[in-house]
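**Q** Got a structure for you, written out below as structure tokens; questions coming shortly.
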Amino acid sequence: MLAMASAGVSAANKAVVTPGKQDSARIIPKEIYGQFAEHLGTCIYGGIWVGEDSPIPNTKGYRNDVLQAMRDLKVPVLRWPGGCFADEYHWKDGIGPRSKRPRMVNNNWGGTVEDNSFGTHEFFNLCELIGTEPYLSGNVGSGTVAELAEWVEYITAEDGPQALVRKANGREKPWHLKYLGVGNESWGCGGNFLPENYADQYRRYQTYCRNFDGNHLYKIASGASDYDYNWTDVLMKKAGNMMDGISLHYYTVTGWTGSKGSATRFSDDDYYWTLGKCLEIGDEVKKHSAIMDKYDPEKRVGLLVDEWGTWWDEEPGTVRGHLYQQNTMRDAMVAALSLNTFHGLTDRVKMTNIAQIANVLQSMVLTKDDKMVLTPTYYVFKMYVPHQDAEWIPLDIKTDVRQVRDNRSVPTLSATASSKDGVVTISLANIDLKEPCEVEIPLSGIIAKPAAAKVSGEILSSANIADYNDFDQAEKVTLKKFDKAKIRNGVLSLTMPAKSIVTLSVK
Ligand code: AHR
Numbered sequence: 000m001l002a003m004a005s006a007g008v009s010a011a012n013k014a015v016v017t018p019g020k021q022d023s024a025r026i027i028p029k030e031i032y033g034q035f036a037e038h039l040g041t042c043i044y045g046g047i048w049v050g051e052d053s054p055i056p057n058t059k060g061y062r063n064d065v066l067q068a069m070r071d072l073k074v075p076v077l078r079w080p081g082g083c084f085a086d087e088y089h090w091k092d093g094i095g096p097r098s099k100r101p102r103m104v105n106n107n108w109g110g111t112v113e114d115n116s117f118g119t120h121e122f123f124n125l126c127e128l129i130g131t132e133p134y135l136s137g138n139v140g141s142g143t144v145a146e147l148a149e150w151v152e153y154i155t156a157e158d159g160p161q162a163l164v165r166k167a168n169g170r171e172k173p174w175h176l177k178y179l180g181v182g183n184e185s186w187g188c189g190g191n192f193l194p195e196n197y198a199d200q201y202r203r204y205q206t207y208c209r210n211f212d213g214n215h216l217y218k219i220a221s222g223a224s225d226y227d228y229n230w231t232d233v234l235m236k237k238a239g240n241m242m243d244g245i246s247l248h249y250y251t252v253t254g255w256t257g258s259k260g261s262a263t264r265f266s267d268d269d270y271y272w273t274l275g276k277c278l279e280i281g282d283e284v285k286k287h288s289a290i291m292d293k294y295d296p297e298k299r300v301g302l303l304v305d306e307w308g309t310w311w312d313e314e315p316g317t318v319r320g321h322l323y324q325q326n327t328m329r330d331a332m333v334a335a336l337s338l339n340t341f342h343g344l345t346d347r348v349k350m351t352n353i354a355q356i357a358n359v360l361q362s363m364v365l366t367k368d369d370k371m372v373l374t375p376t377y378y379v380f381k382m383y384v385p386h387q388d389a390e391w392i393p394l395d396i397k398t399d400v401r402q403v404r405d406n407r408s409v410p411t412l413s414a415t416a417s418s419k420d421g422v423v424t425i426s427l428a429n430i431d432l433k434e435p436c437e438v439e440i441p442l443s444g445i446i447a448k449p450a451a452a453k454v455s456g457e458i459l460s461s462a463n464i465a466d467y468n469d470f471d472q473a474e475k476v477t478l479k480k481f482d483k484a485k486i487r488n489g490v491l492s493l494t495m496p497a498k499s500i501v502t503l504s505v506k
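What follows is the structure, given as structure tokens:
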């Protein structure tokens, strides 16, 4: 225990963070910062897409404020169209003149009528507009092999029958498509397959998804959720040699039945429990990775955590099944701790996609008509942009550890570091609700001339852990300049306020 307290006066917690030896091969793939956009609630319609005729300022139908927010986050990859929606989606309904596109019922998400006005062209054009890599989730549950094979052809072929249809619909050149998911949650909403049966289906579907005209697919099998190790085992055994990646879904959720708890009203105990549950993602990844190691010791196959984040009860008064939830400083902590964890696991974890980008679960932005707010989680992703494609620096962290409900433990200080272009970026989270944390970081080994180094920083914090941004208080939780870090004798030191997240740039 490093924390000290005397004569009833509480003192700051203390932590020492010692950087280890860098390995130039350990780059944090930018895809760790992936996002997810599903046809669910107002994620697509209202959140991203308003159509060209909307009074909401837009570029070719995409709302300008959200476009800018996505650009500022340098979103590296965007998963679409689901989620559970993917396995009921028939892509041919979403091409051609919008007025002629058939409607469907979004059975998974509140029975809302989907008019298919956001389809393949709208998605791929969005990815081009914001400079992001598309990640397509294909329909295995209610689709056919031919349907998925033709979708790939439509998107990526220079010529041929599908390319001709695409050209007739106004897109001459093929788009680029790397990431192809073969189904989503195929053990559940994606078809309720048994693992052996899905493994056979995966082998079959992936056979017909071809590489056209220099496009090269990275094929992703629909993987396990949470603690289902058998799914990973069977898939790797039967189809591991035919995939580039396998997914894993892990939500910070109290359970799958009954109330999940309010996003904005929670006790201190609930808060600490949430962080314990969120950190368990590290153990889960390691367990699934160990199974993958049996069949793929060279770690050729990536583990893609393509859905993660907090899942609370829907906000009162919102449409049931639309999964609209608020986002507090607690969610920001979950984001920071999860990203710190992923940074240390990139020998196997090649991509993650937080759920979801707008108006659904732990989102980056919330929109209402022409208004948009950036969530506390958005600000964590913003602070962490410099870690994208940077060289990971392992850290030895000496800090207190707090025992929390359900026999989990949470370190008081969580940290991660990376370097790129001569700048070292260090991100720190003090999870303690009451006490500040005094942190010391010796810089020798990661900075050429520690005595001459300069530091600047940003902080995300709030008066209450349950604070959030809303349409009448858009900037309640926001990034601020942090100038309290000092370097003396080659040691960086700072005092982090309670419940704060700080990112420092040192050069
Ligand atoms: O993100 C919401 C849903 O969670 C997705 O549609 C599904 O894949 C998962 O169960």
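For the sequence shown, counting from 1, position 5 maps to 4 in numbering that gives the first Met the number 0; every step adds exactly one.
Ideal Cβ placement from N, Cα and C applies to all residues, glycine included.
1. Would you report the Cα separation of L77 and Y88, rounded to the nearest angstrom?
2. Between S218 and the rest of its own chain, which residues show a CB-CB distance below 7 Å, the 5 nearest in sequence each way excluded?
3. Can you give me the C-alpha to C-alpha distance between E113 and R97, rounded to a whole angstrom?
4. I need the straight-line Cα distance from I500 to K166, nearest angstrom please.
5. I believe Y383 touches T502 by the beta-carbon criterion, under 8 Å. Please report the beta-carbon distance rounded to the nearest angstrom.
6. Determine which residues share a DSSP beta bridge with N352 and list them.
7. Cβ of N183 versus every heavy atom of the ligand AHR: is any distance shorter than 6 Å?
8. Assess, as a yes-or-no matter, whether the segment 272-282 is touched by the segment 336-356 under the definition of 3 or more beta carbon pairs within less than 8 Å.
9. At a cut-off of 6 Å, would you count A354 as near the ligand AHR, judging by its Cβ distance to the nearest heavy atom?
10. L493 by DSSP, collapsed to three states: which one?
11. Considering only C-alpha positions, which residue in the set F265, T494, K259, N352 is nearest to V304?
12. If you reduce the DSSP assignment to three classes, tell me which class C42 lands in.
13. So with Cβ pairs under 7 Å, would you call L338 a contact of chain D?
14. Taking its Cβ as the centre, do 16 or more other Cβ atoms sit within 10 Å of V8, making it buried, or is it exposed?
15. Touching or not, the segment 482-499 and the segment 452-461, by the rule of three or more beta carbon pairs under 8 Å?
16. Less than 6 Å between the CB of G40 and some heavy atom of the ligand AHR, yes or no?
17. If contact is defined by three or more beta carbon pairs under 8 Å, each pair taking one atom from either stretch, is the segment 62-72 in contact with the segment 385-399?
18. Does DSSP classify I440 as helix, strand or coil?
19. Using beta-carbon positions only, say whether T119 and G93 come within less than 7 Å of one another.
20. Can you tell me whether F211 is buried or exposed? The criterion is at least 16 other CB atoms within 10 Å of its CB, across all chains shown.
21. Would you kindly check if the distance between the Cβ of D232 and the Cβ of I290 is under 7 Å?
22. Measure the alpha-carbon distance for P56 versus D369 and round it to whole angstroms.
23. Using a 10 Å radius around the Cβ and a threshold of 16 neighbouring Cβ atoms, would you call A10 buried or exposed?
24. To the nearest angstrom, report how far apart M235 and N107 are at their CA atoms.
25. Keeping to the same chain, check which residues put their C-beta closer than 7 Å to that of A497; ignore five residues upstream and five downstream.
26. What number of angstroms, rounded off, separates the C-alpha of I392 from the C-alpha of A414?
27. Provide the residue span of the alpha helix (DSSP H) that contains R329, from first to last.
28. Three or more C-beta pairs under 8 Å: does that hold for the segment 409-425 against the segment 43-52?
29. If contacts are defined as beta-carbon pairs under 8 Å, then R347 and S288 qualify, I think. What distance do you get, rounded to the angstrom?
30. Rank E149, D227, R25, V300 by C-alpha distance to the C-alpha of A238 and give the top, closest one.
31. Measuring CA to CA, which of S426, N12, G109 is closest to S504?
32. On the DSSP letters alone, give me the boundaries of the alpha helix (DSSP H) that N229 sits inside.
33. Would you call the CB atoms of L394 and V16 closer than 7 Å?
34. Which of helix, strand or coil does DSSP assign to A6?
35. May I ask which residues mark the beginning and end of the alpha helix (DSSP H) holding P375?
36. Please state whether DSSP places L365 in a helix, a strand or coil.
**A** Taking the definition as stated:
1. If I take the Cα positions, the gap works out to 17 Å.
2. With the sequence shown as reference, residue 218 is identified as Lys, and Ser is not the correct amino acid for it. Same-chain partners within the cutoff: L179, V181, Q205, C208, M242, D243.
3. Cα-Cα distance, rounded: 12 Å.
4. Distance from the CA atom of I500 to the CA atom of K166, rounded to whole angstroms, is 49 Å.
5. About 7 Å separates the beta carbon of Y383 from that of T502, a gap short enough to meet the 8 Å contact definition.
6. N352 is bridged to G33.
7. Checking every heavy atom of the ligand AHR against the Cβ of N183, one is found closer than 6 Å.
8. Cβ pair count under 8 Å is three or more, so yes.
9. Yes, the beta carbon of A354 sits closer than 6 Å to at least one heavy atom of the ligand AHR.
10. The answer is strand: DSSP assigns L493 an E or B state.
11. Checking every option, the nearest Cα to that of V304 belongs to N352.
12. Coil, per DSSP.
13. The displayed structure is made up of one protein chain only, and chain D is not part of it.
14. Here V8 scores only 48 on pLDDT, less than 50, and its place in the model should not be relied on; the value that follows carries that caveat. Sixteen is the threshold: since fewer than 16 other Cβ atoms of the shown chains lie within 10 Å of the Cβ of V8, the residue is exposed.
15. Judged by Cβ distances under 8 Å, the segment 482-499 makes contact with the segment 452-461, as three or more pairs qualify.
16. G40 Cβ: outside cutoff for every heavy atom of the ligand AHR.
17. Two segments are said to touch when three or more pairs of C-beta atoms, one from each, lie closer than 8 Å; by this definition the segment 385-399 does not touch the segment 62-72.
18. In the structure shown, I440 falls within a strand segment according to DSSP collapsed to helix, strand and coil.
19. Result yes, Cβ atoms of T119 and G93 sit closer than 7 Å.
20. With 16 or more other Cβ atoms within 10 Å, it is buried.
21. Yes, Cβ-Cβ distance for I290 and D232 is below 7 Å.
22. Using only the alpha carbons, I get a separation of about 8 Å.
23. Counting the other Cβ atoms within 10 Å of the Cβ of A10 gives fewer than 16, which makes it exposed.
24. Rounded to the nearest angstrom, the two C-alpha atoms are 29 Å apart.
25. Within the same chain, A497 has close Cβ partners N429, D431, L432, K433, E434, P435.
26. So the alpha carbons of these two residues sit roughly 11 Å apart.
27. 328-342 is the span of the alpha helix (DSSP H), which, as asked, contains R329.
28. Not touching, per the Cβ criterion.
29. Yes, they are in contact, since the Cβ atoms of R347 and S288 sit about 4 Å apart, within 8 Å.
30. It is V300 whose Cα lies nearest to the Cα of A238.
31. The residue from S426, N12, G109 with its alpha-carbon nearest to that of S504 is S426.
32. Its alpha helix (DSSP H) spans residues 228-238.
33. For L394 and V16, yes; Cβs fall inside 7 Å.
34. Summary for A6: the model assigns pLDDT 39, below 50, so the residue's position carries little reliability; its value from the coordinates is reported in the next sentence. If DSSP states are grouped into helix, strand and coil, A6 belongs with coil.
35. Taken as a continuous stretch (DSSP letters only), the alpha helix (DSSP H) holding P375 covers 375-382.
36. Per DSSP, reduced to three states, the secondary structure at L365 is strand.
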